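Asker:
Residue numbers (the numbering used here), protein chains in the order written: chain A, 2 to 301; chain B, 2 to 407; chain C, 2 to 176.
#1: Looking only at its own chain, which residues have a Cβ that is under 6 Å from the Cβ of residue 220(B), when we skip the five neighbours before and after it?
#2: Could you tell me whether any Cβ in chain C is nearer than 8 Å to the Cβ of residue 91(B)?
#3: Do we get a CB-CB distance below 8 Å when we pair residue 54(B) with the residues of chain C?
#4: From what residue to what residue does the alpha helix (DSSP H) around residue 287(B) run?
#5: The beta strand (DSSP E) spanning residue 181(A) covers which residue range?
#6: Measure the CB-CB distance between residue 105(B) and residue 269(B) and report whether it falls below 8 Å.
#7: For a contact defined as C-beta to C-beta under 9 Å, what are the partners of residue 205(A) on chain C?
#8: Please classify residue 294(A) as buried or exposed, where buried requires at least 16 neighbouring CB atoms within 10 angstroms.
#9: Give every residue of the same chain whose Cβ lies closer than 7 Å to the Cβ of residue 83(C), excluding the five residues on either side of it in the sequence, and list them in chain order.
#10: Helix, strand or coil for residue 379(B)? Go by DSSP, reduced to three states.
#11: Could you pull the start and end residues of the beta strand (DSSP E) that residue 118(A) belongs to?
#12: What residue range does the beta strand (DSSP E) around residue 153(A) cover?
#13: Could you tell me the alpha carbon to alpha carbon distance between residue 361(B) and residue 283(A), rounded to whole angstroms?
#14: Helix, strand or coil for residue 1(C), going by three-state DSSP, please let me know.
#15: Applying the criterion that 16 or more other CB atoms from any shown protein chain within 10 Å of the CB defines a buried residue, is residue 186(A) buried or exposed?
#16: For residue 107(C), which residues in chain A fall below 7 Å Cβ to Cβ?
#17: With 16 as the cutoff for other CB atoms within 10 Å, does residue 386(B) come out buried or exposed?
#18: With distances taken Cα to Cα, identify the nearest neighbour of residue 57(B) among 217(A), 190(A), 139(A).
#19: Taking only three categories from DSSP, how would you classify residue 133(C)?
#20: Count the other CB atoms within 10 Å of the CB of residue 293(B); is the residue buried (16 or more) or exposed (fewer)?
#21: Could you give the residue range of the alpha helix (DSSP H) that holds residue 201(B)?
#22: Is DSSP giving residue 262(B) helix, strand or coil here?
#23: Is it a yes or a no for the stretch 170-182 of chain A touching the stretch 395-406 of chain B, going by three-plus beta-carbon pairs under 8 Å?
#24: Helix, strand or coil for residue 96(A) per DSSP?
#25: Judging by CA-CA distance, which residue of 396(B), 88(B), 406(B), 376(B) is the nearest neighbour of residue 112(B)?
#26: Could you confirm whether any beta carbon from chain B is found closer than 8 Å to the beta carbon of residue 28(C)?
#27: So what does DSSP say about residue 220(B), is it helix, strand or coil?
#28: Residues in the stretch 53-75 of chain B with C-beta within 7 Å of chain C's C-beta atoms, listed in sequence order?
#29: Once you ignore the five residues that flank residue 1(A) on each side, which residues in its own chain have a CB closer than 8 Å to its CB?
#30: Taking C-beta to C-beta, are residue 261(A) and residue 253(A) nearer than 8 Å?
#31: For residue 123(C) and residue 277(A), what's the separation of their Cα atoms in angstroms?
#32: Under the rule that 16 or more other beta-carbon atoms within 10 Å means buried, what is residue 77(B), buried or exposed?
#33: Please look up how many angstroms separate the CB atoms of residue 74(A) and residue 223(A), rounded, as I've assumed it's under 8 Å.
#34: Any chance the stretch 273-292 of chain B sits against the stretch 333-341 of chain B, with 3 or more Cβ pairs inside 8 Å?
#35: With DSSP collapsed to three states, give me the class of residue 97(C).
#36: Does any residue of chain A bring its CB to less than 8 Å from the CB of residue 56(C)?
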């Protein structure tokens with residue numbers, strides 16, 4: 002984190018100079034104050050409390066204008082001493098995709114162009130976990146189908162994340178509670194992180210995201226499910242707007258077979274720790290040393 | 002103060018030269034401006050609707066733009082193919098034309114920066130990548146390194162060219178102590194720009210096709226044969242349309258060096274293919290998709306074999322002295338090398354690296370009309386930069402353009 | 002099958018006793034479960050099985066007069082109703098020891114054979130459990146997901162697949 006004194010003050014000076022120029026430009030070009038502020042906004046990690054309050058107020062205003070709905074953009078920090086972990090029971094998942102759809106609703110993902118953070122793969126029991134025999138487009142009348150098992154994939158919130166390493170502007174990083182987040186107002190949309198992710202977990206807003214106003218979830222988090230602009234990357238954040246308030250992620254709550262388990266890895270009495278200690282657990286693409294916090298296990 | 006006035010004169014005179022010429026010049030520049038206009042119109046559509054107007058999607062998130070960028074970084078690096086014999090080996094025939102290689106490097110780098118700009122989703126946030134003002138993730142991100150070395154190399158070449166031309170214009174002998182170190186420094190810089198660009202790709206464990214140590218040498222080898230290919234053709238054109246004297250042996254020497262680097266490129270390609278096919282792991286899918294197709298998708302196969310075929314033919318044409326010194330076969334060889342490396346960098350590198358995607362899906366990517374038009378526009382920009390710079394450089398090199406003595 | 006000692010007590014005392022004991026157990030384990038998902042009007046069973054009008058018939062057979070809608074597909078051929086339902090007190094299930102338990106803690110019965118599942122279920126690892134990851138949790142009864150008479154988890158209709166990347170176009174047509 003670049004917080005050294007002289008550099009910071011230099012940046013503040015440049016920022017102020019830029020702001021002054023931009024202010025002049027704004028009056029000349031007729032751009033609104035909001036657009037200029039949006040243009041000049043700095044990386045989330047460098048904003049002061051005051052700046053952040055203004056940013057959030059501006060974003061809530063923009064959302065009100067766009068959707069005609071009042072939304073709240075929270076900024077809950079990570080809970081002390083908590084590290085989130087996730088486990089998915091491959092012997093129980095039936096591939097019904099209710100998790101993927103609940104995620105879309107909870108996290109305000111674009112309906113058109115369609116974005117779904119969770120991708121459920123239909124695998125061959127004979128081939129095992131082999132992505133060359135994976136099919137995300139299965140559509141039978143009933144699931145599970147004979148001879149197949151189902152493997153949903155989403156962001157693994159890796160401890161040794163390849164995506165945060167490669168971002169040229171530091172728009173994505175890992176928070177203290179282990180969630181890998183994206184600052185949608187800092188991302189330049191170069192998509193290097195998408196090339197780096199071995200789980201295909203990141204999504205890009207190729208066009209203007211469209212969420213029907215009546216389906217918009219108004220309870221949002223700045224680093225999570227707030228409405229995103231076009232041209233930026235997004236992904237699963239373990240429902241940061243829920244879990245930092247003690248709730249389960251939406252996918253965990255909706256799963257009808259109870260295949261999804263979530264908890265605090267630092268709490269020895271949590272169900273996630275029980276799974277890691279008692280069940281046969283494996284890590285997807287373990288040889289890549291991403292050290293994810295998303296585990297697959299066999300509950301049977 | 003004197004120097005400022007002289008430089009202002011130089012700038013004004015240069016501008017004058019750029020804006021006047023014969024009808025062929027106007028036709029050529031007009032054609033380039035047309036390309037740029039078409040590209041700009043297409044780009045405006047992309048700004049309005051987003052990158053959805055391209056055919057890139059989550060499954061293949063980099064495509065034509067980045068392919069062109071990678072190829073052009075190689076072209077820019079190739080300027081040192083002239084610098085090394087000229088300055089390290091002090092070979093006079095090439096020394097006089099080194100500046101042309103540097104002009105090519107500047108044009109190629111301008112195109113590289115344009116291709117990056119049109120590829121990112123938020124070009125309005127371009128300033129985020131600037132150190133101090135923005136937040137550059139240096140030294141962890143290879144893209145951050147690329148930003149630094151590309152701009153440094155651009156600055157270096159632009160400075161050397163401008164300085165040499167300014168000295169030529171004012172009839173002052175250039176200060177060797179300034180030029181020589183910079184020119185020599187451009188050698189490791191040229192290697193660095195393509196090394197960093199290669200590291201961009203081969204540092205990603207998620208893409209086994211790219212995650213190979215041999216990728217960097219392959220990049221350098223193919224860069225050093227593709228850049229000079231363009232240069233050789235341009236040198237011949239310049240000899241015809243201006244009174245610039247370029248010795249035959251300079252051209253043949255560069256062609257010989259290209260033969261060796263193309264040979265090395267072919268060898269490295271073969272080494273890569275051997276490793277994939279012989280060890281026959283799951284990672285073979287990417288190489289297989291490229292050379293033989295996968296699950297009924299054969300889009301890339303003809304391109305892969307065409308690239309290899311062109312490369313082999315070019316290698317033989319340029320290796321054998323008889324065909325190398327024959328102007329017809331020499332130029333065929335240059336065209337074949339250009340085609341071979343262009344295809345290899347775009348379709349032979351970017352697409353197979355991303356197909357199948359990390360979850361095994363095959364999405365067949367082909368550039369959309371917008372991507373083709375924008376790329377054409379950017380090539381228009383590059384050629385325009387090259388043309389305008391040469392419009393000033395050649396007269397100065399010939400001594401026809403000097404500061405009026407008042 | 003009966004426990005002679007307990008039959009000294011009147012039915013309602015037994016019912017309340019077991020209920021209180023169950024609640025105590027629940028309180029100790031902090032397992033909040035919803036009420037058993039009875040079919041409308043089927044409970045209390047003793048409304049019909051009051052011990053006088055309907056005689057207890059311990060013969061293993063296919064039920065034809067009543068409860069014919071129940072398809073029994075739970076384990077081997079030898080399994081049948083009174084293996085779980087107490088013949089003398091139809092408002093109760095009985096454990097292998099003869100102990101009677103109310104329907105509200107039916108998981109105790111399931112856990113006799115499916116001990117590993119019960120252990121995992123208590124830890125929150127088997128089956129759906131909602132609530133807060135750092136606070137109160139709500140469990141479901143086994144029977145909320147598994148029909149006790151034919152417990153195999155029913156297949157579901159999957160929600161629609163994602164769109165293919167090639168079909169994502171800009172609004173108003175492709176270029």
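Where is the CB? At the ideal position from N, CA and C, for every residue including glycine.
Remember, predicted model here, so these are calculated numbers, not experimental data.
Answerer: Reading off the structure:
#1: 195, 199
#2: no
#3: yes
#4: 285-292
#5: 181-183
#6: no
#7: Here the premise fails: no neighbours, minimum Cβ distance about 11 Å.
#8: buried
#9: 59
#10: helix
#11: Run containing residue 118(A): none; DSSP gives neither H nor E here.
#12: 149-154
#13: 19 Å
#14: Shown here, chain C extends from 2 to 176; a query on residue 1(C) therefore has no answer.
#15: buried
#16: Result: empty, since nearest Cβ-Cβ is about 17 Å, beyond 7 Å.
#17: buried
#18: 190(A)
#19: strand
#20: exposed
#21: 177-203
#22: helix
#23: no
#24: coil
#25: 376(B)
#26: Residue confidence is low: residue 28(C) scores 45 on pLDDT, short of 50, so the model does not pin down where it sits. Its coordinate-derived value is still stated next. No, no contact with chain B.
#27: helix
#28: 53, 54, 58, 59, 60
#29: Residue numbering for chain A in the displayed model covers 2 to 301; residue 1(A) lies beyond these limits and cannot be assessed.
#30: yes
#31: 16 Å
#32: buried
#33: 5 Å
#34: no
#35: coil
#36: no
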